[in-house]
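Be aware that the sequence shown starts at 98, since it is given in our numbering, and climbs by one per residue. Every residue gets a Cβ at the ideal spot worked out from N, C-alpha and C, and that includes glycine. Note that this is a predicted model, so its numbers are computed, not measured. First up is the structure itself, then whatever we jot down about it.
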Amino acid sequence: MAMAMARISEETWTSMYQKVKPPQTMPEFRKRVEAGNIWSLKIPQLEEIIKCLRDSYPSLGVSGNKGALVDRIQGVFRHQQPRETLQHNKVALKIQRPPIANVASAPYPQRFFVKQNVERKVVRSGRCLGEEESTAFAQICADFTLKGHQNPLNPISKLVDIVYVHNDISVTFELDPEDHEAVVQRTSRVHVVPLKMNLEPEGWLEQDMRLFVNKQWIEVLPKTWRNKNPRVHPFTTVLPLDITTYLSRADRRAEIQVEFPNKQMIWQGLLTVCVVGQRKVKELKEEICSRSCVPQKCIASQQEDDDVEMGDEEISLKCPITLASINIPAKGTQCTHKACFDLEMYLTMCNQQKVWNCPICEQQCSFSMLRVDALMDSVLKSVNTDVVSKITVKPDGTWTASAACNGATSSNGLHHSASNGSGGAPEPKSGAKSEAVCVDILSDDEPQPTAKPKSQPWFASGCEHLWGLFHEDVAE
98 MAMAMARISE ETWTSMYQKV KPPQTMPEFR KRVEAGNIWS LKIPQLEEII KCLRDSYPSL
158 GVSGNKGALV DRIQGVFRHQ QPRETLQHNK VALKIQRPPI ANVASAPYPQ RFFVKQNVER
218 KVVRSGRCLG EEESTAFAQI CADFTLKGHQ NPLNPISKLV DIVYVHNDIS VTFELDPEDH
278 EAVVQRTSRV HVVPLKMNLE PEGWLEQDMR LFVNKQWIEV LPKTWRNKNP RVHPFTTVLP
338 LDITTYLSRA DRRAEIQVEF PNKQMIWQGL LTVCVVGQRK VKELKEEICS RSCVPQKCIA
398 SQQEDDDVEM GDEEISLKCP ITLASINIPA KGTQCTHKAC FDLEMYLTMC NQQKVWNCPI
458 CEQQCSFSML RVDALMDSVL KSVNTDVVSK ITVKPDGTWT ASAACNGATS SNGLHHSASN
518 GSGGAPEPKS GAKSEAVCVD ILSDDEPQPT AKPKSQPWFA SGCEHLWGLF HEDVAE
């Protein structure tokens with residue numbers, strides 16, 4: 098049965114043609130618009146088309162970027178076609194699927210799991226899952242963290258349904274009564290998560306994929322990860338689509354429809370429907386702080402394994418993400434450097450960008466790998482970070498702190514120093530040899546130059562690609 102759509106009058110087409118002023122004739126322009134070939138038009142022309150269509154479709158919005166405007170125009174003419182194509186495609190999906198024994202010739206990616214002798218899973222809605230879906234369902238239930246790819250701020254509490262997508266589909270899922278009540282009370286959320294066949298995170302086809310929940314079109318899909326440096330292999334978490342607000346408070350069942358307007362660009366993978374919890378950054382901080390810290394002796398042990406003799410190393414006490422003082426120093430278990438970043442800022446950044454790599458060494462630094470560094474923690478408790486901005490770590494693990502010299506000397510013009518483990522603010526050692534002193538060589542009549550703020554952190558020399566990769570969306 099075709100959808101009841103308003104008919105576009107000839108007067109509307111004439112007005113649209115006069116306002117857009119395309120180089121084609123009227124019949125050619127109308128044919129292009131109906132076919133959806135409008136990407137060559139400019140944004141003002143697309144806005145004029147939508148304004149003309151609003152006579153028949155008042156709910157169309159005029160604001161948005163070019164992709165959103167094109168999707169709205171294409172959606173008007175696409176929905177004039179019968180919706181029965183979804184049912185036909187469901188039947189075709191069962192008929193056209195290649196034999197299980199001939200997986201190598203399948204047009205979709207290879208699976209990493211074995212499909213032989215798999216017990217079919219029947220979800221609550223009554224749908225019997227296929228062999229690929231049943232195997233993936235069991236593996237996800239065995240590891241809700243998805244090998245670290247699930248966002249720790251939204252842990253999975255239950256897997257509701259999973260569907261293999263390689264064409265237009267329509268699937269109905271059903272929540273358990275207790276899960277539905279938690280969703281109604283907003284103590285839990287419902288996410289739709291795209292995954293590859295090997296259960297790794299997958300992105301959305303933002304312009305070539307249309308998703309409906311209970312007949313409501315979700316116009317904006319989550320944007321994919323941004324990796325400006327091809328040399329860095331980002332460790333990503335999933336890109337969930339929160340559909341909680343599209344669900345009914347009275348009905349535990351909901352329908353998901355996926356359409357691909359461009360049949361040359363069809364997304365292939367798994368779509369999972371999950372009930373997830375909600376955690377705060379403060380809770381994650383407490384969990385990480387309760388883990389065993391990175392011991393101080395690891396510095397000396399790392400140098401014993403190397404044949405090269407290490408010298409003194411200067412370390413900044415500023416967070417490389419915000420350039421502010423570090424509150425809780427942390428790094429990953431795979432990190433070999435002594436520098437640290439602020440734990441809360443790192444968790445906030447990773448939650449926004451869905452990329453979990455160390456901002457210093459670019460190594461994988463997922464939630465399970467985060468640890469508090471014992472050395473830097475003792476340093477930050479022993480010095481005043483408003484005065485001391487850097488320390489020098491010696492090969493034996495001891496350290497000395499130097500007062501910041503911002504265009505003028507400290508109170509006595511000397512560098513303060515403190516041995517590892519000393520308490521309180523660092524004090525100059527009695528009888529110690531004076532170190533380099535900041536000397537004012539300008540005359541009294543000459544004004545002293547003001548220090549320019551740094552645009553990049555101290556470690557970013559020669560690593561501009563890393564700064565752009567991790568700090569585009571994080572406010573400094």
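Does residue i pass the burial test, meaning 16 or more other C-beta atoms within 10 Å, or should it be called exposed?
i, result
"H434", "exposed"
"N251", "buried"
"L104", "Contrary to the premise, residue 104 reads as Arg rather than Leu in this sequence. Per the 10 Å Cβ criterion, exposed."
"A239", "exposed"
"Q354", "buried"
"M442", "buried"
"Y114", "buried"
"K320", "exposed"
"S387", "exposed"
"D409", "exposed"
"K478", "exposed"
"Q121", "exposed"
"W496", "buried"
"R286", "buried"
"A533", "Residue placement at A533 is flagged as unreliable, the pLDDT there being 39, under the threshold of 50; the coordinate-derived value follows with that caveat. Exposed, because fewer than 16 other Cβ atoms sit within 10 Å of the Cβ of A533."
Based on Cα-Cα distance, which residue from the options lies nearest to residue i?
i, options, result
"T333", "E271, Q461 and E216", "Q461"
"L243", "V280, V260 and E297", "E297"
"Q304", "N295, V310, I315 and N311", "I315"
"T430", "C416, T489, C458 and E108", "C458"
"V484", "A421, K451 and M446", "A421"
"S156", "D470, I170, G164 and L336", "I170"
"R350", "F438, P120, S222 and S479", "S222"
"D339", "P124, G374 and M123", "G374"
"I418", "E411, N454 and V219", "N454"
"F438", "C416, V219 and K451", "C416"
"R283", "V372, M294, P327 and A235", "V372"
"D168", "C149, D152 and W136", "W136"
"A233", "K428, P337, I259 and L444", "I259"
"S345", "H277, L292 and R323", "H277"
Roughly how many angstroms lie between the CA atoms of residue i and residue j, to the nearest whole one?
i, j, result
"V536", "K491", "Bear in mind that the predicted position of V536 carries a pLDDT of just 36, short of 50, making it unreliable; the figure below should be weighed with that in mind. The straight-line gap from Cα to Cα measures roughly 27 Å."
"W364", "F357", "8 Å"
"G245", "R468", "15 Å"
"Q449", "K377", "13 Å"
"A132", "P456", "46 Å"
"V280", "N359", "34 Å"
"E380", "Y154", "47 Å"
"I266", "A347", "25 Å"
"V173", "G164", "15 Å"
"I146", "L138", "10 Å"
"P575", "N134", "Shown here, the chain extends from 98 to 573; a query on residue 575 therefore has no answer."
"M306", "N481", "54 Å"
"L226", "S389", "42 Å"
"E230", "V290", "14 Å"
"K382", "V159", "43 Å"
"L166", "L143", "7 Å"
"I488", "M362", "54 Å"
"R224", "L308", "20 Å"
"V335", "T111", "46 Å"
"D493", "G161", "59 Å"
"V257", "D273", "9 Å"
"P426", "E384", "14 Å"
"K255", "E228", "20 Å"
"V310", "L302", "17 Å"
"K116", "K128", "17 Å"
Residue range of the beta strand (DSSP E) that residue i falls in?
i, result
"Q313", "Q313 to I315"
"I412", "E410 to S413"
"F309", "R307 to V310"
"V469", "L467 to V469"
"V490", "V485 to V490"
Can you tell me where the alpha helix (DSSP H) holding residue i begins and where it ends?
i, result
"C447", "L440 to Q450"
"I147", "I140 to L150"
"P426", "Taken as a continuous stretch (DSSP letters only), P426 belongs to no alpha helix (DSSP H), being part of the beta strand (DSSP E) at P426 to G429."
"S112", "E107 to V117"
"I418", "Segment: none, I418 is in no alpha helix (DSSP H) and carries neither H nor E."
"E131", "M123 to A132"
"E380", "V378 to C386"
Quick check on the DSSP output: what are the complete alpha helix (DSSP H) runs of length 4 or more inside the region 223–299, in order along the chain?
228–239 and 274–281
Could you give the uninterrupted runs of the alpha helix (DSSP H) lying entirely in the region 329–370, keeping only those of 4 residues or more?
none
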